[in-house]
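Engineer:
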Amino acid sequence: MGIQGNFMIMNLEGFCLFTPPGAGESFPGPPLQVMPQGVPPAIIHIQDLGGDKYKLTPVQHRSHCIGAFPGGSPKLLHLFPQGQGQDEFTEWAIEPAGNGEYEIHTTSGPGNENWTAQGGPGGMIELQPAVGEPGQRWRIVQTSQD
Numbered sequence: 373m374g375i376q377g378n379f380m381i382m383n384l385e386g387f388c389l390f391t392p393p394g395a396g397e398s399f400p401g402p403p404l405q406v407m408p409q410g411v412p413p414a415i416i417h418i419q420d421l422g423g424d425k426y427k428l429t430p431v432q433h434r435s436h437c438i439g440a441f442p443g444g445s446p447k448l449l450h451l452f453p454q455g456q457g458q459d460e461f462t463e464w465a466i467e468p469a470g471n472g473e474y475e476i477h478t479t480s481g482p483g484n485e486n487w488t489a490q491g492g493p494g495g496m497i498e499l500q501p502a503v504g505e506p507g508q509r510w511r512i513v514q515t516s517q518d
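373 is the number of the first residue of the sequence shown in this note's numbering; add one for each residue after it.
1) I'd like the span of the beta strand (DSSP E) that includes R511, first residue to last.
2) So, under 8 Å CB-CB, M382 and V513 are touching, yes? Tell me the CB distance rounded to an integer number of Å.
3) For the 8 Å Cβ check, are there 3 or more pairs between the region 435-455 and the region 398-409?
4) Let me know the secondary structure DSSP gives P402 once reduced to three states.
5) With contact counted as at least three CB pairs below 8 Å, one residue from each stretch, are the region 407-419 and the region 504-511 in contact?
6) Given this structure, state the Cα-to-Cα distance separating E463 from F387, to the nearest angstrom.
7) Check the C-beta distance from P506 over to L428 and give it rounded, since I have them as a contact under 8 Å.
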């Protein structure tokens, strides 16, 4: 796919990826959420690592990347210090799903665990098996903000 740059990531309901207060200050910190427009969204730098792998870094927390604990229950998205550990999911595949929508999933482990928005505003983002439901589809909108 070859995307790279700064983006807002939002679900099909228009709720944007949000890094709550305290994310990136302590580890693992609060999980990432989706919030309605009007709440400042997380601006995410997407870095193409080659081989259909991407690293997603919030521009307001450049020393961290988006990841999940493979053994977590539930497997929630958090900010991980760059280079932290070896087993966390910190590389992502971003697959077109049609109509300008994407599925974001792990590139290691079973590989079929998609970002899944849980509920409405303030809902956390969890890795769940891919089933093609709307909560697993995302819009990625380029922005000049950094």
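A virtual CB, placed ideally from N, CA and C, is assigned to each residue, including glycine.
Note that the structure is a prediction, hence the values are computed from the model and not measured.
Structural biologist: Judging by the given coordinates:
1) Taking the sequence shown and counting its residues from 1, the one referred to as residue 511 is at position 139. Taken as a continuous stretch (DSSP letters only), the beta strand (DSSP E) holding R511 covers 510-514.
2) Counting from 1 along the sequence shown, the entry for residue 382 is found at position 10. Counting from 1 along the sequence shown, the entry for residue 513 is found at position 141. Sure, about 7 Å apart at Cβ, within 8 Å.
3) yes
4) Position 30 of the sequence shown, counting from 1, holds the residue named residue 402. Note: P402 maps to coil in three-state DSSP.
5) no
6) Here residue 463 refers to the residue found at position 91 when the sequence shown is read from its first residue. Here residue 387 refers to the residue found at position 15 when the sequence shown is read from its first residue. Going by the C-alpha atoms only, they are around 23 Å apart.
7) Here residue 506 refers to the residue found at position 134 of the sequence shown. Here residue 428 refers to the residue found at position 56 of the sequence shown. Their Cβ separation, rounded to whole angstroms, is 21 Å, which puts P506 and L428 out of contact at 8 Å.
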